[in-house]
Amino acid sequence: MSGHDSKYFSTTKKGEIPELKEELNSQYKDKRKDAVKKVIAAMTVGKDVSSLFTDVVNCMQTENLELKKLVYLYLINYAKSQPDLAILAVNTFVKDSQDPNPLIRALAVRTMGCIRVDKITEYLCDPLQRCLKVDLILDDDPYVRKTAAICVAKLYDINAELVEDRGFLEALKDLISDNNPMVVANAVAALAEIQENSSRPIFEITSHTLSKLLTALNECTEWGQVFILDALSKYKAADAREAENIVERVTPRLQHANCAVVLSAVKMILQQMELITSTDVVRNLCKKMAPPLVTLLSAEPEIQYVALRNINLIVQRRPTILAHEIKVFFCKYNDPIYVKMEKLEIMIKLASDRNIDQVLLEFKEYATEVDVDFVRKAVRAIGRCAIKLERAAERCISVLLELIKIKVNYVVQEAIIVIKDIFRRYPNTYESIIATLCESLDTLDEPEAKASMIWIIGEYAERIDNADELLESFLESFPEEPAQVQLQLLTATVKLFLKKPTEGPQQMIQVVLNNATVETDNPDLRDRAYIYWRLLSTDPEAAKDVVLAEKPVISDDSNQLDPSLLDELLSNIATLSSVYHKPPEAFVTRVKTTQKTEEDDYADGGEPGYSESPSHAVDSAASPAATSSSAPHAVARQPVPATPAPVPDLLGDLIGLDNDNNGNGAIVPVDILHEGPPLPVVLPASTGQGLQISAQLVRRDGQIFYSLLFENNSQIPLDGFLIQFNKNTFGVAAAGPLQVPQLLPGTSASTLLPMVLFQNIAPGPPNTLLQVAVKNNQQPVWYFNDKLSLLVFFSEDGRMERSAFLETWKSLPDSNEVSKDFPGIVVNSVEATLDQLAVSNMFFIAKRKHANQDVLYLSAKIPRGIPFLIELTAVIGIPGLKCAIKSPSPEMAPLFFEALENLLKS
Amino acid sequence: MGIVFTRLFSSMFGNREARILVLGLDNAGKTTILYRLQMGEVVSTIPSYVYFETCELISLYMLDAAIGFNVETVQYNNIKFQVWDLGGQTSIRPYWRCYFPNTQAIIYVVDSSDTDRLVIAKDEFHAILEEEELKGAVVLIYANKQDLPGALDDAAVTEALELHKIKNRQWSIFKTSAIKGEGLFEGLDWLSNTLKSGGG
């Protein structure tokens, strides 16, 4: 190795970023433009070019529209990661929003809305105000006005208070009366969006706005129409007459080529129809709605699916609309399976005495297809029709019998399952077919089919000569059967015994009861067996009355929705909600309650990293991005039929800045259990004769749990675990028994033990000691100490209004203030710290700067409503944090400091 | 022929724009100077939080104070100046350094009537001079707002800013009134001459 080799370590290549940096600072405009293009290209492929922020922003003030757009695009992407530097762009926004070119004005306003950096939000209000011209004339270009409308909605998401203070909401409402339909549509979209994120009524349609909206409806773009229709569907008409008028104005929308418009119109008409009393009008409307719905089924399969899911809801409410159209729902051989399944569902709903023959022919056909799931569903459909239509039951059964004769295993099993239901629906009518069923007894291998067959045997034991033999054949494998089958076997045997109290059954019942009581782990089975046993041993006659009692007749209510749920889903037609058949709250996290906390959390402190803005624009036909988080337009995901939008063509050439948002962003994982770091070991294996326990108090969904992990490192199985807590400061105690299964050597089990507070409170000054005793059947009692962290007691309702915070702070005497310095703690980022605190239910109230220090105010609440007012003072990046708290219970302060230190240290 | 000459000329001064930063505390008059230089019109700015009431001249343009930056190209004495006017608010001052590379000259603007903050102006000024990247930059100081009563003259401002401490650098100070347009172009004359003679 000679010294010459050092040259390999020094390279003359500078790397991409410095090169780009140099080019961005070039004196030649063309070079700068090329450089920005390169930066955008790098950004698009996922390279981090945020370090070039200032260099790119410096290219912002340019006459060149292309360059400006690129820089804006860059800004939208990186303003979040460089919140401090984002302020450098403010002046350019201010200038651009006054540019004579409306394109540039709109571009600036639109970009401002997309920059979700709280620090500069306030600066951006002035330019926005200029475009909305709250008191003066509006911007004379409709494109700028509509962009401004959308921007207000986005701003509301960042800082609702600011929007209200600035009077933007009023301006937005005024825009509903705008003479340009595009502006009206976007104002409606923005208001609807804001309404969804607010618990107060903000957007209510009055009779005045109603006529404006109805006028704009005919003139605006298809996506604009969707928004207006959605808004109208929430309008409660004053009387039937008004409802009729509205519906009349809207019916032409049913002929629209865009399926989103059609569905929204259907939704709106269905809503208003509730008020219309005249049967003629209703019948007429139903007639009008059928063809557009049918037309939807000639679209692509994906759209068909969406349409079918919606139609499913519609026919539950108003079956008459499609009563004559059942043929449309017959499955085509090349339909995708998900469409077929939905069609079957609707066919069942539409089946009637009039069309049942046709429908049965179809079902029979489907039952011979190759797709197993589909075949099963078809067989089941036949059964459901039999249950639904009494007069057709016989025909249905004969079809089922024909199918059983094919001897295809899964068809037979499925048929038996539905025949059981048919027996329940029409007792003592079709028993003649039992013999046929019994032929295929041996082929049954699915629990549900087995259970159904056993039920039939038990129910009709007196008519089946060899019922005891049949049951006996099942009994051999009793212990291995699934619980469902075991339960049925038990019941069937009891029935058999009661009906034929002969010797054979008597022996059988002994075996079964023994099996089901002594040899099983299943408590359901055991309980049922004991009940039967006791009944039989005390009073066999009473047992007869109970077991062989007449059963109520069933009706087909499978796949029927609860009326109130149906109402809600109907009001959400044409959204994801109506496709999932779930109310929006069930799958979207950003509904009002959670929204509120989220938004307040970051009132001053920046951005929730994960929540993508639900604000979308209804820009052009090219960007149909879904709008609202709680009810995104499902149909909107589909490629839009290319209808040229009647919008000035200046729309077309802007970069689709608004497209960046997700059309399906609604599917946010609702609640991922927070799996923290491994639990601290409280009882090491060396102390516990091989039993190791790790445990910690945790808070989940407002409830305190003791999270425990038992590891059995001993040589013997351990079982019968019990736990006990000593008196402690908060009176923490177990809310229920500890549920830990038997632990074999070398295995472990974890459990969440729900806890309650204030059970047995230890007197004396507060401390963090939690003494726990754990015992099991094999070992002596183990005692160990754990620490109570005050953090788990902070409740979710600890947020205070600023004013309340101030008042409480003032009202508490100074003696209630305790402070402490943490020299070892470094705050590197205010946002990160606030996030960390928010997780532990310490809620951000306000922030101020004092010299170079950041002062943060937070609130928290421990049980019994005792508030903690927290003041944190720190210099960013420099070790040292001062924490002062004020609370009616200052004696808790040491506990608080300890908890805080542990939290921030990690 | 004409093209050849242009090329000759341009090669003499590199066919480039001289990059000039206009710095100074907030409300010193930077943005007004920038637009005064560019348009020769009186421009008065209104910072978003301070309301001007003493403004004697009705402005033709009402611009917001720069929160961020303004950049304009000014042609003077055959030199193209690319003038960067950076916002002077405390919150923005830390980011001045992003603009330091490749700078030929600095115009430091001082509000001569704001005697309270002259100390801060001085500190900021000397901090800038310390910057490695600005080592070769020429410094022009505008003792601005001479039209206001109580404004210090150039000698007093020189004293207050401790300009005598400047070493190894060409500098000059001019009394100006951006609002009246006085003194600005004298300063620019000096600047263009210095730059041409290779000072930059």
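Chains R and D, in that order, are what the protein sequence lines are.
Here our numbering is used: the first residue of the first sequence is 1, the next is one more, and so on.
Here our numbering is used: the first residue of the second sequence is 1, the next is one more, and so on.
Cβ atoms here follow ideal geometry from the backbone N, Cα and C, with glycine treated the same way.
Only a predicted model underlies this, so the values are computations on that prediction, with no experimental measurement involved.
Collapsed DSSP secondary structure at residue i in the structure displayed
i	result
P823 (chain R)	strand
C59 (chain R)	coil
P614 (chain R)	Bear in mind that the predicted position of P614 (chain R) carries a pLDDT of just 40, short of 50, making it unreliable; the figure below should be weighed with that in mind. P614 (chain R) falls in the coil class under three-state DSSP.
Q129 (chain R)	helix
A734 (chain R)	strand
Y123 (chain R)	helix
S50 (chain R)	helix
I464 (chain R)	coil
V71 (chain R)	helix
V250 (chain R)	helix
P18 (chain R)	helix
A542 (chain R)	helix
I337 (chain R)	helix
Y28 (chain R)	coil
S623 (chain R)	Note that S623 (chain R) scores a pLDDT of 38, beneath 50, so its modelled location is shaky and nothing firm can be said.
G880 (chain R)	strand
L548 (chain R)	coil
Cβ neighbours of residue i in the same chain (closer than 8 Å, five flanking residues each side left out)
i	result
I87 (chain R)	K119, I120 and Y123
A543 (chain R)	V494, L498, Y532, L535 and L536
G909 (chain R)	Past the boundaries of the shown model lies residue 909 (chain R); chain R is included only from 1 to 906, so the question cannot be answered.
Sequence-distant residues of its chain with Cβ nearer than 7 Å to residue i (five each side left out)
i	result
I866 (chain R)	S887, P888 and S889
K288 (chain R)	T251 and L254
T747 (chain R)	N712
V827 (chain R)	T833, A874, I876 and L881
Q129 (chain R)	R166
T921 (chain R)	With chain R running from 1 to 906 in the structure shown, residue 921 (chain R) is simply not present.
V56 (chain R)	L24, V36, V39, V71 and Y74
Heavy atom of the ligand PLP within 7 Å of residue i beta-carbon
i	result
A735 (chain R)	The ligand PLP is absent from the structure shown, which contains no ligand whatsoever.
Residue i, enclosing beta strand (DSSP E) - first and last residue
i	result
M755 (chain R)	S748 to V756
L691 (chain R)	L691 to R700
R19 (chain D)	A18 to G24
Q488 (chain R)	First-last for Q488 (chain R): A483 to K499, but that is the alpha helix (DSSP H), not the beta strand (DSSP E).
R848 (chain R)	F843 to H850
Q703 (chain R)	Q703 to N712
G187 (chain D)	No beta strand (DSSP E) contains G187 (chain D), which is instead part of the alpha helix (DSSP H) from L184 to K196.
T873 (chain R)	I866 to A874
D854 (chain R)	Q853 to I862
L722 (chain R)	L722 to F725
K175 (chain D)	W171 to K175
D582 (chain R)	Note that residue 582 (chain R) corresponds to Lys in the displayed sequence, not to Asp. Run containing K582 (chain R): none; DSSP gives neither H nor E here.
Cutoff 6 Å; reference residue i; Cβ partners in own chain excluding five residues on either side
i	result
Y235 (chain R)	I205
K450 (chain R)	L444 and V485
V94 (chain R)	P127
Y338 (chain R)	Y305
T320 (chain R)	C286
Endpoints, the alpha helix (DSSP H) within which residue i is located
i	result
Y366 (chain R)	I356 to Y366
F587 (chain R)	From DSSP, F587 (chain R) is part of no alpha helix (DSSP H); its letter is neither H nor E.
S264 (chain R)	C259 to M273
N218 (chain R)	S207 to E219
Item to complete: Can you give me, in chain order, the residues of the region 72-83 of chain D that have a beta carbon less than 9 Å from any beta carbon in chain R?
Response: Cβ contacts with chain R come from E72 and Q82.
Practice prompt. Output the residue ranges of the alpha helix (DSSP H) runs that lie fully inside the region 68-154 of chain D and measure 4 residues or longer, sorted by chain position.
Written response: 118-130
Worksheet item: What residues in the region 73-90 of chain R have a beta carbon less than 7 Å from any beta carbon of chain D?
Response: L85, I87, L88, A89 and V90
Fill in: alpha helix (DSSP H) runs wholly inside the region 508-536 of chain R, at least 4 long, in chain order
With a minimum length of 4 residues, no continuous alpha helix (DSSP H) run stays inside the region 508-536 of chain R.
Practice prompt. Below 7 Å between beta carbons is the criterion; list the residues of the region 60-73 of chain R that meet it against any residue of chain D, in chain order.
Written response: Q61
Worksheet item: Listed in chain order, which residues of the region 90-102 of chain D have Cβ atoms closer than 7 Å to some Cβ of chain R?
Response: S91, I92, Y95, C98, P101 and N102
Discussion item. Closer than 8 Å between beta carbons: that is the criterion. Which residues of the region 177-200 of chain D meet it against chain R?
Written reply: none
Discussion item. Threshold first: 4 residues or longer. Then list the alpha helix (DSSP H) segments lying entirely within the region 149-194 of chain R, N to C.
Written reply: 160-165 and 168-175
Item to complete: Below 8 Å between beta carbons is the criterion; list the residues of the region 15-37 of chain R that meet it against any residue of chain D, in chain order.
Response: Those residues of the region 15-37 of chain R that come within reach of chain D (Cβ to Cβ, closer than 8 Å) are N25 and Q27.
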